[in-house]
Amino acid sequence: MIPHSGTYIILPSNKDCSVDDIHFREYAEYVEVLLRRKGWKRVHSFDKAKWAVLLGYSVSDPKERRYTYQVPIFGQTGVSSSTTYGTYYGYGNYSSKTTYTPTYGIIGSSTQVGTLIYYARAVSLRGVNLQHIKSNRNIGDADVLWETSVSSVGSSGDLREVFPAMILTADQYFMTNTSKKIKCKIDIQDKRVKELQEAVRLPKIRRTQVISRVKLSGPPV
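Each step along the sequence shown adds one to the number in the working numbering, with nothing skipped, and position 45 is 56.
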């Protein structure tokens, strides 16, 4: 039976990832905020926790997909009107000039090939009985009470950018049986995503900003 509340600890399910990993700590904060709204209380001690939430995440290497598209070709499609001008010089001499007014439009198309670079992103949450882990010390064999997984494909390979939106789409399905895959659509600029980001107390991380200056030659593009 899936409990509706209780104390829990968040542990990484990724191989070679520790609870001190800066990315794990950040992602765990988002999970904590969402579970807190459901009545769950996060603790950081095995002794105080009754349940464990295993958090996993991944981003693929960049993948490439080629696609074709049509580009219209513009040109002359015909003549809309013509005007003839003439001059009479006498003694049967006459000259004339006809001016045509062309019409323009699409006369065809050319096939172009484009390249799309994308990344596959994935996040998984598993609720397990912590007593099993305490006794067996093997997370992989723990009794799974519930499991939620989210996958997405997009142009960003930065999981920190898309994680809030991904985990938010799964929020309403935590600890429920959907019986099938659910398609969700949300923008990273969505108001709900911004509210979640503001609610998270991100760990203090010392960041180094590197600015690269490159001198370009040739005409501007």
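All C-beta atoms, glycine included, are put in the ideal place defined by N, C-alpha and C.
Partner residues in a beta bridge of residue 35, as assigned by DSSP, do not exist. As computed with DSSP, residue 108 is found in a beta bridge with 96. For residue 205, there is no enclosing beta strand (DSSP E); the enclosing alpha helix (DSSP H) has its first and last residue at 202-210.
Looking at 77, 86, 175, the one whose alpha-carbon comes closest to that of residue 134 is 175. Between the beta-carbon of residue 207 and that of residue 44 there is about 6 Å, and that keeps the pair under the 8 Å contact cut. If the five residues before and after residue 28 are omitted, its C-beta is found closer than 7 Å to the C-beta atoms of 35, all from its own chain and listed in chain order.
The beta carbon of residue 81 is closer than 8 Å to those of 120, 121, 122, 123 in its chain, skipping five residues each way along the sequence.
Residues 159, 161 of the same chain have their beta carbon placed closer than 7 Å to that of residue 181, with the five preceding and five following residues left out of the count. Residue range 170-181 is occupied by the alpha helix (DSSP H) that includes residue 180. CA-to-CA, the gap between residue 140 and residue 57 works out to about 12 Å.
Residue 60 and residue 171 have their C-alpha atoms some 27 Å from each other. Separation of residue 129 and residue 62 (C-alpha to C-alpha, rounded to the nearest whole angstrom) is 36 Å.
Scanning its chain for C-beta atoms nearer than 8 Å, with the 5 sequence neighbours on each side dropped, one finds around residue 118 the residues 84, 85, 86, 87, 88, in chain order. Boundaries of the beta strand (DSSP E) harbouring residue 155: 155-165, taken from the DSSP string. For residue 48, the secondary structure class from DSSP, reduced to helix, strand or coil, is coil. Per the C-alpha coordinates, the member of 21, 131, 108 positioned closest to residue 40 is 21.
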